[in-house]
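The opening position of the sequence shown corresponds to residue 5 in my numbering, with each subsequent residue numbered one higher.
The C-beta atom is built at its ideal place from N, Cα and C for all residues, glycine as well.
Inspection log for the structure reproduced underneath, given as structure tokens.
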Amino acid sequence: MKRKLSIVFVLLCMITAMFSLSASAISYTADLVPQLTSNTNPSGTASASSIWNSNHEAWKVFDNTSANQSQWHTSIAGGSTGWIAYEFTSSKRIAKYTIQPNNDNHVSYAPKNWTFEAWNGSSWVVLDTRVNVTGWAWHVKKEFTFTNNTPYTKYRLNVTANGGAGYLSIAELELMEKAYTGDVIPHLTSNTAPSGIASASSIWSSAYDAWKAFDNTTSNQNHWHNSSGTTGWIAYQFSSAKTITKYTLEPNINNAVSYMPKNWTFEGWNGSSWVTLDSRTNVLGWQYNVKQSFEFNNSIAYIKYRLNVTANGGAGFLSIGEIEMMEYAP
């Protein structure tokens, strides 16, 4: 009985360690909001539900300082609740944010309950919810992470309660994405050189072999092209297992965008079957020299991955200029 309990304990420790390792392996970018000098400079747009006066405008939480006057503060009517937002000039997959109060005398003005939200074009989507957050201190950032694989242009912190003061105030707010490695597939010169193995369901000819989708160029001849039909798969096997969580696709030339995938699954090989890690439908808008990136949750390292295309953009054949695969940055 003791031996069985010991084995169970060891297994639980191993599982805990695996999850801890997976969590610690995720890195994040620096703050993606530029250091603002107004609500619209140098770029993007800061806004808020209300402001106390021009000394406490929305942009003050994005000015990279927590000095006494450099804070956002709600109006008298705004009271202890409200929201602060920032709109990027291009979409971002925000997965982390930090909040900092403006000084020790104003920690009761800091948020206590809130949601972190993204604008999808018609409504606010709740990405993260926090309740009873206390223990604020001046010059000390609190960090909050969550899962988000969807790019949005505009995000906001929507505060429903603060620490007890009559008004709401925040000194600094930072927004970050998950950080990724570069492409972990080497620039191939054949299906097996310099390392790994590229393969495909079919090829048009040796000039359009599988490895052409991994050669880091999208010139006219450098792409994979299937032999017939609008479906097929292309795969890459690493020399050691990788935990892929992002991939990019790119067409080879402008007049080949209708050959690009429209519906597909991205899969990992577990040694006996393909495991679907990501599914996409009705993906359009392909452009030459423009990569589309796709992120998904994955904590398992596989040695082989493939893109399994079930429909393309309408052409009689399937073609892909370039494929990249990334892991979370260490």
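Practice problem: Determine the DSSP secondary structure at Ser244, reduced to helix, strand or coil. | Solution: The three-state reading of DSSP puts Ser244 in strand, counting E and B together.
Exercise. Identify which residue in Asn124, Leu172, Leu322, Asp35 has its Cα closest to the Cα of Asn312.
Key: The residue with the shortest Cα to Cα distance from Asn312 is Leu322.
Self-check item: Heavy atom of the ligand ATP within 7 angstroms of Thr157 beta-carbon
Solution: In the structure shown, the ligand ATP is absent, as is every other ligand, since no ligand is present at all.
Exercise. Please look up how many angstroms separate the CB atoms of Gln338 and Ile201, rounded, as I've assumed it's under 8 angstroms.
Key: The requested residue 338 is not part of the displayed model; the chain covers only 5 to 334.
Self-check item: Where Glu121 falls, given that 16 or more other Cβ within 10 Å makes a residue buried
Solution: Answer is buried; the Cβ neighbour count reaches 16.
Quiz prompt | Within 8 angstroms, strictly: CB atoms of Glu181 and Ile98 | solution = With respect to Ile98, Glu181 sits close: the two C-beta atoms are nearer than 8 angstroms.
Exercise. Pull up the distance between the alpha-carbon of Val65 and that of Asn107, whole angstroms please.
Key: Cα to Cα, Val65 sits roughly 13 angstroms from Asn107.
Quiz item: What three-state label does DSSP hand Ser132 in the structure shown?
Solution: In the sequence on display, residue 132 carries Asp and not Ser. Judged by DSSP in its simplified three-state form, Asp132 adopts strand.
Quiz item: Are any of the Cβ atoms in chain D nearer than 8 angstroms to that of Tyr171?
Solution: Although the question refers to chain D, the structure presented lacks it and comprises just one protein chain.
Quiz item: Where are the beta strand (DSSP E) runs, 3 residues long or more, that stay fully inside the stretch 200-238, in chain order?
Solution: Taken in chain order, the complete beta strand (DSSP E) segments of 3 or more residues contained in the stretch 200-238 are 201-204.
Quiz item: Rounded to whole angstroms, how far is the Cβ of Ala169 from the Cβ of Ser297, which I believe are closer than 8 angstroms?
Solution: Contact doesn't hold; Cβ gap of about 42 angstroms is too wide.
Quiz prompt | Ala169 - containing beta strand (DSSP E), residue span | solution = Where Ala169 is concerned, there is no enclosing beta strand (DSSP E), because DSSP gives it neither an H nor an E.
Quiz item: Cβ of Ser31 within 8 angstroms of Cβ of Ala183?
Solution: Yes; because the gap between Cβ atoms is below 8 angstroms, this pair is in contact.
Quiz item: Using CA coordinates, which residue listed in Glu299, Ala239, Thr252 is at the minimum distance from Glu278?
Solution: A small fix is needed here, since residue 278 is Trp in this sequence, not Glu. Residue Ala239 is the option with its Cα nearest to Trp278.
Self-check item: Own chain partners of Thr33 with C-beta closer than 7 angstroms, once the 5 adjacent residues on each side are dropped
Solution: Around Thr33: Met180, Glu181, Ala183.
Quiz prompt | Cβ contact check for the stretch 135-155 and the stretch 50-68: 3 or more pairs under 8 angstroms | solution = The answer is no - the stretch 50-68 does not touch the stretch 135-155, with fewer than three Cβ pairs under 8 angstroms.
Quiz prompt | Classification of Gly236 by the beta-carbon crowding that lies within 10 angstroms, buried from 16 upward | solution = Classification for Gly236: buried.
Practice problem: Report the three-state DSSP secondary structure of Trp268 (helix, strand or coil). | Solution: Collapsing the DSSP output to three states places Trp268 in a strand.
Exercise. For Asn45, count neighbouring C-beta atoms within 10 Å of its own C-beta (all shown protein chains included) and say buried if the count is 16 or more, exposed if not.
Key: Residue environment analysis places Asn45 among the exposed positions, since fewer than 16 neighbouring C-beta atoms fall within 10 angstroms of its C-beta.
Quiz item: Does the beta-carbon of Asn59 have 16 or more other beta-carbons within 10 angstroms, so that it is buried, or is it exposed?
Solution: Classification for Asn59: exposed.
Quiz item: So Ile88 packs on Arg134, CB below 8 angstroms; how close in whole Å?
Solution: Incorrect: roughly 15 angstroms between the Cβ atoms, too far for contact.
Practice problem: Could you round the C-beta distance between Pro105 and Asn166 to whole angstroms and report it? I think they count as a contact, below 8 angstroms. | Solution: The Cβ separation is near 10 angstroms, so there is no contact.
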